[in-house]
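*Asks:* Got a structure here, written out as structure tokens. Questions coming.
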Amino acid sequence: MTATLRPYLNAVRATLQAALCLENFSSQVVERHNKPEVEVRSSKELLLQPVIISRNEKEKVLIEGSINSVRISIAVKQADEIEKILCHKFMRFMMMRAENFFILRRKPVEGYDISFLITNFHTEQMYKHKLVDFVIHFMEEIDKEISEMKLSVNARARIVAEEFLKNRPRLDRQAALYILRKHKQTK
């Protein structure tokens, strides 16, 4: 784990623990309805100030709280084009299975890669500290998963380039240098 990751995750953990002080709050508009105020935004006095915790300009977390819900939006590090593609595909895969993750939203907040919505019902049914641990663990693992997938893609590209060069004995030197240069740029 890098030196900047631990303080970043600790800040996210502390903010989430503070934001998860949720209570049941019925709708002020419709009788017998209880909707997440962070999503509905019907009344300003029920919303807390949004908090952005940033590790760098590309990797950040937005925590929006209200009286009965918290929305956590995560922007994952995407250093190059391969990481952008891998992140997009992986997040799409996760969001297609949102019903298996009770707190995962199907659509992220604009500018972020993935979003979670925790309501007062979730905190009544599950332990708060376990919800926080899940989000922190997700943030740790998503970075590792994308890095591993990128290494796998680069290894596969290297093997394909080597096989291509073996099968083309007359390939001129310029084309071989071009292929190797492109491969080094993707690292």
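In short: position in the sequence shown from 1, add 8, done, that's the numbering used here.
By construction, the Cβ of each residue, glycine as well, lies at the ideal position given by its N, Cα and C atoms.
(1) Name the DSSP bridge partner or partners of Leu-125?
(2) Do the CB positions of Phe-124 and Ile-144 come within less than 8 Å of each other?
(3) Going by alpha carbons, who is nearest to Pro-15 out of Arg-40, Arg-63, Asn-42, Glu-107?
(4) With distances taken Cα to Cα, identify the nearest neighbour of Ser-74 among Asn-162, Met-102, Thr-127.
(5) Hey, is the stretch 76-88 in contact with the stretch 28-36, meaning 3+ C-beta pairs nearer than 8 Å?
(6) Given Gln-25, which residues of its chain have a CB within under 7 Å of its CB, disregarding the five upstream and five downstream residues?
(7) Could you check whether the Cβ of Phe-101 sits closer than 8 Å to any Cβ belonging to chain B?
(8) Do you know whose CA, among Gln-36, Phe-109, Tyr-135, Glu-148, lies nearest Glu-53's CA?
(9) Would you report the Cα separation of Arg-114 and Ile-122, rounded to the nearest angstrom?
(10) Tell me whether Ser-50 sits in a helix, a strand or coil according to DSSP, three-state version.
(11) With Arg-49 and Leu-55 assumed to form a contact (beta carbons below 8 Å), what rounded beta-carbon distance in angstroms separates them?
(12) Within 10 angstroms of its Cβ, does Pro-44 collect 16 or more other Cβ (buried), or is it exposed?
(13) Which of the three DSSP states is assigned to Ser-74 in this structure?
(14) Please go through the same chain and pick out, in chain order, the residues whose beta-carbon is closer than 8 Å to the beta-carbon of Ser-51, but skip the five residues on each side of it.
(15) Please list, in chain order, all residues of the same chain as Glu-72 whose beta carbon is under 6 Å from its beta carbon, the five residues on each side excluded.
(16) Quick one: grab the DSSP three-state call for Lys-115.
(17) Looking at Leu-28 and the ligand ADP, is the gap between the Cβ and the nearest heavy atom below 7 Å?
(18) Rounded to whole angstroms, what is the Cα-Cα separation between Tyr-120 and Arg-21?
*Replies:* Reading it off the structure:
(1) Arg-79
(2) no
(3) Out of Arg-40, Arg-63, Asn-42, Glu-107, Arg-63 has the C-alpha closest to the C-alpha of Pro-15.
(4) Thr-127
(5) yes
(6) Val-140
(7) Here chain B cannot be found, since the structure has a single protein chain.
(8) Gln-36
(9) 8 Å
(10) Here Ser-50 sits in coil by DSSP.
(11) 7 Å
(12) Looking at its Cβ environment, which holds 16 or more other Cβ atoms inside 10 Å, Pro-44 is buried.
(13) strand
(14) Gln-36, Glu-45
(15) Excluding five sequence positions before and after Glu-72, the CB atoms of its chain that fall closer than 6 Å to its own CB belong to Val-46, Pro-58, Arg-79, given in chain order.
(16) It is coil, neither helix nor strand.
(17) In the structure shown, the ligand ADP is absent, as is every other ligand, since no ligand is present at all.
(18) 19 Å
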